[in-house]
Structure formats: C-alpha cells, structure tokens
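K.L.:
Below you'll find the structure I mean.
2 protein chains.
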Amino acid sequence: MIEPVFRAGETYAFSPDITAEEAYKVWIEAPAATFVAVDSNQAIVGTYYIKPNQPALGAHVCNCGYIVAKHARNQGLASLMCDHSQIQAVSMGFLAMQYNLVVSTNESAVRLWKKHGFEIIGTLPKSFRHSRLGLIDAHVMYKLLT
Amino acid sequence: MIEPVFRAGETYAFSPDITAEEAYKVWIEAPAATFVAVDSNQAIVGTYYIKPNQPALGAHVCNCGYIVAKHARNQGLASLMCDHSQIQAVSMGFLAMQYNLVVSTNESAVRLWKKHGFEIIGTLPKSFRHSRLGLIDAHVMYKLLT
Numbered sequence: 001m002i003e004p005v006f007r008a009g010e011t012y013a014f015s016p017d018i019t020a021e022e023a024y025k026v027w028i029e030a031p032a033a034t035f036v037a038v039d040s041n042q043a044i045v046g047t048y049y050i051k052p053n054q055p056a057l058g059a060h061v062c063n064c065g066y067i068v069a070k071h072a073r074n075q076g077l078a079s080l081m082c083d084h085s086q087i088q089a090v091s092m093g094f095l096a097m098q099y100n101l102v103v104s105t106n107e108s109a110v111r112l113w114k115k116h117g118f119e120i121i122g123t124l125p126k127s128f129r130h131s132r133l134g135l136i137d138a139h140v141m142y143k144l145l146t
Numbered sequence: 147m148i149e150p151v152f153r154a155g156e157t158y159a160f161s162p163d164i165t166a167e168e169a170y171k172v173w174i175e176a177p178a179a180t181f182v183a184v185d186s187n188q189a190i191v192g193t194y195y196i197k198p199n200q201p202a203l204g205a206h207v208c209n210c211g212y213i214v215a216k217h218a219r220n221q222g223l224a225s226l227m228c229d230h231s232q233i234q235a236v237s238m239g240f241l242a243m244q245y246n247l248v249v250s251t252n253e254s255a256v257r258l259w260k261k262h263g264f265e266i267i268g269t270l271p272k273s274f275r276h277s278r279l280g281l282i283d284a285h286v287m288y289k290l291l292t
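The listed protein sequences derive, respectively, from chains A and B.
All letters in the first sequence, in the order written, are residues 1 to 146 by my numbering.
All letters in the second sequence, in the order written, are residues 147 to 292 by my numbering.
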C-alpha cells in the first residue's frame, strides 16, 4: 500500500528507491505511533503516523503522514484518518499539527486539509523535486488543536 | 559556547536539559557539515551546521543553525557565517536554504536573515515553547540560492 506512493515520488519526499527496511523505519519505527484503517473484512486500506515535529521545545506540535490504498480512494478514508489523527494528537498531549511539505500539485490533499481546518501558513518555492514535474512548490500547513 | 544557548531555551528547540553527548550528536554528527569561526588567536567564537532539511526529494533544500559565543556578539559574526553558509550550501549542491523555527522574539535573528535575503514564508502560531515566555510564534524562513 505504501510502496506505490513512495515509488511514485509525487507526494512524499522519501526516495522513490527506498528499501522496505527504510520505509518500515520511517513509517513504523521512527514515529511516536502508527495506525492502520481496515475495511469490513479487516483488510488494511489506509495508514497514518504521528510524531513530534521538532525536539523538546517544539515537541508540542505533531506531524502526521497519511496513505490510502489505491483501491480505497475517494471514499472519505483520508478524511476519517485526519479526524482520527487529530483526536489521537490531543490525547497524546499535542497542541498543534503541522504538515511540512504538502506538494502544491497534490490538490486533493490541500483541499482536504483546508476542509479540516488546516491553514496554508506559507509556500516554499521549488522545495519539492517531483518525479515527473521537477522542482515545484510545497506548502507548510498548520492547525492549532486546542 | 553552545551550552548556554541550548540551556536558555529561547532560540533552539533542543531540550534545555540536553546532555553534552546529545548536543554533539545534533550539532556535529547528524548534520552534513559543521563549521567553526575563529578569531585572530584561533579561538572558536562561532559555529554553524548545514544539513538537508528533508529526505531525497526535498534534500536540495538545506537547513542551517548558527551560534555566536556570547563575548563575540554584535561584531557581524552571524552575518559572516550566514554568508559563508550560503556559499557552502551552493558548493554542496543545495538550491535553497530553510530555517524551520525562527523564534519570533529573536528579533535580531529575524532582522539579520531578512537582510540576507531570507523571506518569512509564514508564521506558526504557538509553535515554540519559550523557557520564559511560554508558547510563542515562530517563523519559517526561506531563500532560493540560485
């Protein structure tokens, strides 16, 4: 589920050539917690991680990343995971959530995060090397949770 | 030189209780390179690190952190290190430089980075837990180098 997203190099900064071991590290081991969403057959159809975005004096702001399985898209799953992650974040003591690099061409994500109360704090010119489009802009998005 | 800055908890997110080992790791080991500035007696009066700010598809944007020894402040040293770091960044192949968490109360830093062509891309509300002031805003600052 994660592999095609990382391989595409269109939404996450991780190398399109990332190994399974490295992907396990960044998605499962490094974060504070990782969740999966399952369908009615208990098959995994989505996942997200949550972690502090900065060390100690910035550790009250969390960062999350979300992936929905290709066959399960456009059913509101990203939206459900975004809601879940915010509730989870508050219960873990986080006061805000930050997305550091929302690729500007990922319009459905930008629209969805806005709908969930995230603001585009600013746009970083040419900060993402898109596999097909080359250097493009990415947004910093942010939401105070309490 | 670094210790009083980290202990103060007013400009960097690292824990004010950071150990020497952890500080060595974040300032010397984790970055791609770390430099020191010396005075005419070869005494160290400043230091900065440079590292990629994101993995692979964002690794063309670097991040730097700078510290000037207390007794050597207000002599243009941060400015010299900022210039040096930009030249160094270009020679290392970086295309842009990003400061992720410029504490809003650190007005001399904000003014200096602006003077050096960095823009405030956006401001993250309450993203820094200042040792004396509590939760305060911090800026994301950014400059295209080429």
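Ideal Cβ positions, reconstructed from N, Cα and C, are used throughout, including at glycine.
1) Is the CB-CB distance between Pro177 (chain B) and Tyr195 (chain B) below 8 Å?
2) Among the candidates A:Glu107, A:Pro55, A:Ala59, A:Ala69, whose CA atom is the shortest distance from the CA of Thr47 (chain A)?
3) Which chain B residues sit within Cβ distance under 7 Å of Pro55 (chain A)?
4) Looking only at its own chain, which residues have a Cβ that is under 8 Å from the Cβ of Glu119 (chain A), when we skip the five neighbours before and after it?
5) Just to confirm before moving on: does the CB-CB distance between Glu147 (chain B) and Ala183 (chain B) stay below 8 Å?
6) Helix, strand or coil for Ile174 (chain B)? Go by DSSP, reduced to three states.
7) Could you work out which residues of chain A lie near His262 (chain B), taking near to mean beta carbons separated by less than 7 Å?
8) Write down every uninterrupted run of the beta strand (DSSP E) in the region 177 to 248 of chain B whose length is 3 residues or greater and which is fully enclosed by it, in chain order.
9) As a quick exercise: from A:Tyr66, A:Ser91, A:Gly9, pick the residue whose alpha carbon is nearest that of Trp27 (chain A).
10) Can you grab the Cα-Cα spacing for the pair His60 (chain A) / Lys272 (chain B), in whole Å?
11) For Ile87 (chain A), count neighbouring Cβ atoms within 10 angstroms of its own Cβ and tell me buried if that reaches 16, exposed if not.
12) Is the beta carbon of Ala284 (chain B) less than 8 Å from the beta carbon of Val249 (chain B)?
13) For Lys25 (chain A) and chain B, any beta-carbon pair shorter than 8 Å?
14) So, is the C-beta of Arg257 (chain B) closer than 8 Å to a C-beta in chain A?
15) Compare the Cα-Cα distances from Ala78 (chain A) to each of A:Ser91, A:Leu95, A:His116 and report the closest residue.
16) Going by alpha carbons, who is nearest to Gly239 (chain B) out of B:Glu175, B:Thr292, B:Phe160, B:Tyr170?
17) In chain A, what lies closer than 8 Å to Leu290 (chain B) by C-beta?
18) For Gly204 (chain B), is the classification buried or exposed, using 16 other Cβ atoms within 10 angstroms of its Cβ as the cut-off for buried?
19) Across which residues does DSSP place Phe128 (chain A) in a beta bridge pair?
20) Starting from Leu145 (chain A), follow the alpha helix (DSSP H) in both directions and report where the run begins and ends.
21) Is it true that the CB of Gly9 (chain A) sits closer than 8 Å to the CB of Ser131 (chain A)?
22) Would DSSP call Glu10 (chain A) helix, strand or coil?
23) Going straight from the alpha carbon of Ile282 (chain B) to that of Ser40 (chain A), what length do you get?
24) In the DSSP output, what is Gly122 (chain A) paired with across the bridge?
25) Do you know offhand how far Glu149 (chain B)'s Cα is from Met243 (chain B)'s?
26) Can you tell me where the alpha helix (DSSP H) holding Ser250 (chain B) begins and where it ends?
27) Among residues of its own chain, excluding the 5 on either side of Leu133 (chain A), which ones have a beta-carbon nearer than 7 Å to its beta-carbon?
28) In whole angstroms, what is the alpha-carbon distance linking Asp164 (chain B) and Ala20 (chain A)?
29) Among residues of its own chain, excluding the 5 on either side of Ala33 (chain A), which ones have a beta-carbon nearer than 6 Å to its beta-carbon?
P.N.:
Taking the definition as stated:
1) yes
2) The shortest Cα separation from Thr47 (chain A) among A:Glu107, A:Pro55, A:Ala59, A:Ala69 belongs to A:Ala69.
3) Ala159, Phe160, Ser161
4) Same-chain partners within the cutoff: Met141, Tyr142, Lys143.
5) The amino acid at residue 147 (chain B) is misidentified as Glu; the sequence shows Met. No.
6) When DSSP states are grouped into helix, strand and coil, Ile174 (chain B) belongs to the helix group.
7) Correct list: empty, because the minimum Cβ distance to chain A is about 17 Å.
8) 179 to 184, 190 to 198, 207 to 214
9) A:Tyr66
10) So the two alpha carbons sit approximately 9 Å from each other.
11) exposed
12) yes
13) By this cut-off, Lys25 (chain A) is not an interface position.
14) no
15) A:His116
16) B:Thr292 is the residue among B:Glu175, B:Thr292, B:Phe160, B:Tyr170 whose C-alpha sits nearest the C-alpha of Gly239 (chain B).
17) Pro125, Lys126
18) buried
19) A:Ile136
20) Element bounds for Leu145 (chain A): n/a, residue is neither H nor E.
21) yes
22) DSSP, reduced to helix, strand and coil, places Glu10 (chain A) outside both helices and strands of the structure shown, so it counts as coil.
23) 44 Å
24) A:Val140
25) 25 Å
26) First-last for Ser250 (chain B): undefined, no H or E at that position.
27) Thr105
28) A small fix is needed here, since residue 164 (chain B) is Ile in this sequence, not Asp. Ile164 (chain B) and Ala20 (chain A): Cα-Cα distance of roughly 33 Å.
29) Ile50
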